[in-house]
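A.B. asks:
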Amino acid sequence: MTTASELVETLEALDIEYVFGYPGGRVIELLESLPDSEVEFVRPRDEREASVMAEMHGRLTGTPGVLAGQGPWIGSLGMIGQMEARLASSPMVVLTEASERGEYSTLAPYQQARGDYGGFSLPDILDGVTKEWWFPRTPTETLRSVQLAFKHAVAGRPGPTAVILDGDAIAEDVPDDPTPSTWDAAEQTRTWDAAPTAEDVAAAVEALEDAERPVIVAGNGVHVAGAYDELAAVAETYDCAVTTSYLGKSTFPETDERAAGVIGSFGHEGANRVVSEADALLVVGCRLNPMDTNWQAPEFIRPDEQTIVHADVDTRNAGWVYPADVGLIGDAKESLAALAEAGSGENGWARPRAAEAREWFTAPECEDDSSPIKPQRAVAEIESVVDEETIVTADSGNNRFWLLYYLQTPAVGTYFGSGGVGGMGWSTPAAVSAALTTENDVVGVAGDGGFAMTMNSVETAVEYGVAPTFVVLNDTSLGMVRQMQDEAGDIAGVEFHDTDFVAAAEAFGAVGRRVTTPDELADALESGKAADVPHVVDVRIDREEGMAETLSSSFYDSVGGLHE
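Below you can see the structure in the form of C-alpha cells.
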C-alpha cells in the first residue's frame, strides 16, 4: 500500500470522522484515498475557515480536529485556527506538505516551503505555533510521525501538532516489515491522565474545609478535560461559589444557585467582588491572564490574605501569576474528582452571595424596546432561544463581550468563544463545525466586521446540510475600535460600507433577514432555530451603546484600579 493509503487507514483506526481542508500540493495524494474511506472531507472556501472548523471540532470532542492542505496556505491562511488551538488548548493535527518536488527541491521549485535556499521555511512557521512538528522523509517515518502527532495533540495540555508530508514518500509503497517497526495506531497514540499527589490533595482539602468563603475560578481546562460533573461535585461538596474565566464560561451552569458569573476586566462586577471577598480560592484550569485578573488590580486576588489552590495539567501554570499555597498537578477531571471524594464543607455565604452576583447578568437595556436594537436586548433575545441543547459561538470584538456579560448559559458546554488568540472571523466557521460535530442547535454570533471575514462559511453549511443560525450584531463599523476614539474620526479604518448580508445569505442558499426591532429579532431567531437551512439574521444594533460605558463601573474602576 502507498503511504497515503496507509495514512487514511490510520485515520479510520483512530475513529476520525472529518478532515477539514482544501485540496492542493502533495496532500492531493492523501485526498485521493479519502472517498473510499469512512472519513468525510469537509472543504470550505479557504484554509482559514478549515482551520477554525478543525479547531472547533477538537475543542468540542477532545479528539484532534484534522486540518489538511498545501503548505504555503496552511502556514498562512490556515494559521488562525492553529493559533487558537495552541492558546485555547484544543487538540488538532495538521497534515500538510512543503510543495517540493523530490530531487528538484534544491533548485527552489515553485512554492517550495522546505526551508532550503530559494524557498521559505514552513517548519520555522509551524515551530512558532504548534506543540510539535515532524518532517518525515520515508514512508515508515511518515506513518510513525502521524501517529505521534495524534498522541502529542492530546497529551498533557492539548494543542496543535503538524506533519509535513514529503513529496516522494507520500506516494511510495510502505515496506512490509520495516525497521524500526510501526505499531497499531490506537496502541501507539494511547495516553494516560496525570493526577495530583495524595499529599497535595490533602492540603487542598484542608484549605477548602477551613474556608468560610470558598470560591472556585473555573477556566478552559475544565472544558478541555470534560470535567463538568466533577466541578459541580466539588462546588456542592465544599459549598463554594463558582466563577469562571472568559474561556471557562459554560463550564458551570450560570443559572445554578452557586454560580456567580464571569470574572475579569470584561466580566461581572459581582463575580469580581465574590473573588475579592474569598478567603480561599480554588483555581482550576485557568492561567489567570491579565484580562482575567483585572490587569492585576491589587484588591482583586491577594496571595498574602487568601489561600490559593491552583489546579492545572501543566506544572508551569500552577502558581505562575500568583504564588499558590497548594498546587494540584494533573488532569482537571482527576484533580476535581479527588477533591470531591476526600472532604466536605458547608457555609452560609456562597449561595446568597452568588445570587447577588448573578444580578449583573441583567440591565434595564435588556428590556428596552427601542430601535435600533440595544445590544443588551439583542443578547436577551438570543438567550431566550438558548436551551441546554443549544451551542453559542462568539466572535471577537464587542459582540463577545455583550454575550459574556448578559448571556446566562443554562448548561455546561453551551458557549464557546474566540478567546485563545481572539481572532475575528472565528465564530461563523466554528458554528458550522459545531453543527457538523453535534446534534445541537447552534447560534453563531459575530459583529459585521468578523462576519464579513468568513461569511462564505454560510455556503459551507448549506453544502454540508447543517443549519446554524448566524446572528450579525451590525453597527456598520469595527465597533470596539471605533469606541476607543477620543473624537469622532480620529482612528482610520473603523467605518464600513453597509453590506447587504441578506442578499449575500440568499446567494449562498441560506435565508437572510434584516431586523430592526426586538420583536422582529425574536421571530427571526425562533424561525432560524426551527429551520433545516441556515439563517442569517442581520441585527441593526444601537452603535452608540458603548461597551466601555457598560464597564465603567467594573471592579478595577470601583476599587481604584488602573482606570481612573
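If you read the sequence shown in full-length UniProt numbering, its first letter stands for residue 1, the second for the next number, and so on. Ideal Cβ placement from N, Cα and C applies to all residues, glycine included.
1. On the criterion of 16 or more Cβ atoms from any shown chain inside 10 Å, does D441 qualify as buried, or is it exposed?
2. Keeping to the same chain, check which residues put their C-beta closer than 7 Å to that of G546; ignore five residues upstream and five downstream.
3. Among V8, Q485, V481, which has the Cα closest to the Cα of E29?
4. Between which residues of its own chain and residue 566 is the CB-CB distance below 6 Å, once the five residues before and five after are set aside?
5. Determine the DSSP secondary structure at S554, reduced to helix, strand or coil.
6. With DSSP run on the structure shown, which of helix, strand or coil describes L247?
7. When you compare the CB positions of G24 and Q82, do they come within less than 8 Å of one another, or not?
8. Any idea what DSSP makes of H563, helix, strand or coil?
9. Put P214 into one of helix, strand or coil per three-state DSSP.
10. In angstroms, rounded to a whole number, what distance separates the CA positions of G327 and L339?
11. Suppose you measure from the CA of residue 581 to the CA of S99; what does that come to, to the nearest Å?
12. Quick check on W402: does DSSP put it in helix, strand or coil?
13. Using the C-alpha atoms, what's the distance from R48 back to S250?
14. Helix or strand or just coil, what does DSSP make of H497?
15. Tell me which same chain residues have a C-beta within less than 6 Å of the C-beta of I125, skipping the five on either side of it?
16. Compare the Cα-Cα distances from R101 to each of A113, P91, W133 and report the closest residue.
17. Only counting runs of 3 or more residues, tell me where the beta strand (DSSP E) segments fall wholly within the region 379-452, in order along the chain.
18. Give the single residue among A332, G21, E506 whose Cα lies nearest to the Cα of P158.
19. Using only the alpha-carbon positions, how far apart do D369 and T307 sit?
20. Quick check: the region 402-421 against the region 377-387, are at least 3 beta-carbon pairs closer than 8 Å?
21. Quick check on E103: buried or exposed, where buried means 16 or more other Cβ atoms within 10 Å of its Cβ?
22. I'd like to know if the region 198-217 and the region 163-182 are in contact, where contact means that at least 3 CB-CB pairs between them fall below 8 Å.
23. When we look at the beta-carbon of A378 and count the other beta-carbons within 10 Å, is it buried (16 or more) or exposed?
24. Under 7 Å Cβ to Cβ from N474, same chain only, skipping five residues before and after it: list those, please.
C.D. replies: Considering the structure as presented:
1. With 16 or more other Cβ atoms within 10 Å, it is buried.
2. Cβ neighbours of G546 beyond the five flanking positions: Q483.
3. The candidate whose alpha carbon is nearest that of E29 is V8.
4. Outside the displayed span of the chain (1 to 564) sits residue 566, for which this structure offers no information.
5. The predicted model places S554 with a pLDDT of 46, which falls under 50 and marks its position as unreliable, so this point remains unresolved.
6. The answer is coil: DSSP assigns L247 none of H, G, I, E or B.
7. In terms of Cβ geometry, G24 and Q82 do not form a close pair [threshold 8 Å].
8. Confidence is the limiting factor: at H563 the pLDDT is only 27, short of 50, which leaves the residue's position unreliable, though a coordinate-based value still follows. Coil, per DSSP.
9. When DSSP states are grouped into helix, strand and coil, P214 belongs to the strand group.
10. If I take the Cα positions, the gap works out to 13 Å.
11. Residue 581 lies beyond the range of the chain shown here (1 to 564); nothing can be said about it.
12. Annotated three-state conformation of W402 is helix, per DSSP.
13. Distance between the alpha carbons of S250 and R48: 26 Å.
14. Looking at H497 - three-state DSSP - the assignment turns out to be coil, as it is neither helix nor strand.
15. Closer than 6 Å at the Cβ level, and outside the excluded window around I125, lie G75.
16. Cα-wise, what sits closest to R101 is A113.
17. Fully enclosed beta strand (DSSP E) runs of 3 or longer: 390-394, 415-417, 441-447.
18. If we check each option's Cα against that of P158, A332 comes out closest.
19. Taken atom to atom, the span from the alpha-carbon of D369 to that of T307 is near 46 Å.
20. With the rule of 3 Cβ pairs closer than 8 Å, the region 377-387 counts as touching the region 402-421.
21. Exposed.
22. Contact between the region 198-217 and the region 163-182 is absent, because fewer than three Cβ pairs lie under 8 Å.
23. By the 10 Å Cβ count, A378 comes out buried.
24. When the five nearest sequence neighbours on each side are left out, the beta carbons in the same chain lying within less than 7 Å of the beta carbon of N474 are those of D448, D538, V539, R540, I541, in order along the chain.
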